[in-house]
Amino acid sequence: MNADPFLDSNIFLYAFSAQDLSKQNRASKLVNSPAIISAQVINEVSNNLLKKFAFGNDEVAQFVVDCYEQYRVENITKETFVRAASLRDSYHFSYYDSLIVSASLLAGCSVLYSEDMQDGLIVDDALTIVNPFA
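Counting from 69, one number per residue, gives the positions in the sequence shown under the working numbering.
What follows is the structure in structure tokens.
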């Protein structure tokens, strides 16, 4: 198992948002610590930075560069998609959540930080989903 946690997209979005300072503080601590993310996380966060946070292209490009420098970034592979399909059947995750969980498992993570999924759920006896804001 990997000691570093996997971070879902929503953790980054709270780190960028000043709407809830308590959540921003907690999210900032997580994104400034060693972690693993996937290319999907970079994609989702980049899209939100452009649309919701009015970041410019240069700022988003810098975010992408920073992600590859700071985190281990898991690519989305055939294995990720196949495992995600199995997870959707077993756990009834949404399409995109199943890809995040699949990438987390394939990266060997034991913890996935996400606000969007069931806090405390243990997936395949290997990965615990933790809502850091609960």
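For every residue, glycine included, the Cβ atom is placed at its ideal position computed from N, Cα and C. It should be emphasised that the depicted structure is a prediction, and the values quoted were computed from it without experimental measurement.
Problem set entry | Simplified DSSP assignment, three categories, for L117 | DSSP, read as helix, strand or coil, puts L117 in helix.
For this session: Could you tell me the distance, in whole angstroms, from the CA atom of F74 to the CA atom of A194?
Result: So the two alpha carbons sit approximately 13 Å from each other.
Problem set entry | Closest by C-alpha distance to F80, when choosing among I110, A129 and D72 | The candidate whose alpha carbon is nearest that of F80 is I110.
Exercise. Does A194 come within less than 9 Å of chain B when only Cβ atoms are used?
Worked result: Protein chain content of the structure displayed is limited to a single chain, and chain B is not contained in it.
Exercise. For L98, which three-state DSSP category applies?
Worked result: In the structure shown, L98 sits in a helix (DSSP, three-state: H, G or I).
Exercise. Is I105 helix, strand or coil when you go by DSSP?
Worked result: In the three-state DSSP reduction, I105 falls in the strand class (E or B).
Exercise. What does V179 pair with, by DSSP beta-bridge criteria?
Worked result: Beta-bridge partners assigned by DSSP to V179: T196.
Exercise. Starting from F201 and walking both ways along the alpha helix (DSSP H), at which residues does that stretch end?
Worked result: Taken as a continuous stretch (DSSP letters only), F201 belongs to no alpha helix (DSSP H), as it is neither H nor E.
Exercise. Would you call the CB atoms of D92 and S85 closer than 9 Å?
Worked result: Inspection of the sequence shows that residue 92 is occupied by Gln rather than by Asp. Contact flag set, yes.
Exercise. Would the region 112 to 132 and the region 145 to 153 be scored as touching if the rule is three or more Cβ pairs under 8 Å?
Worked result: The answer is no - the region 145 to 153 does not touch the region 112 to 132, with fewer than three Cβ pairs under 8 Å.
Exercise. What is the DSSP secondary structure of N70, reduced to helix, strand or coil?
Worked result: Note: N70 maps to strand in three-state DSSP.
Problem set entry | Reduced DSSP category for I144 - H, G, I as helix; E, B as strand; rest coil | Per DSSP, reduced to three states, the secondary structure at I144 is coil, with no helix or strand assignment.
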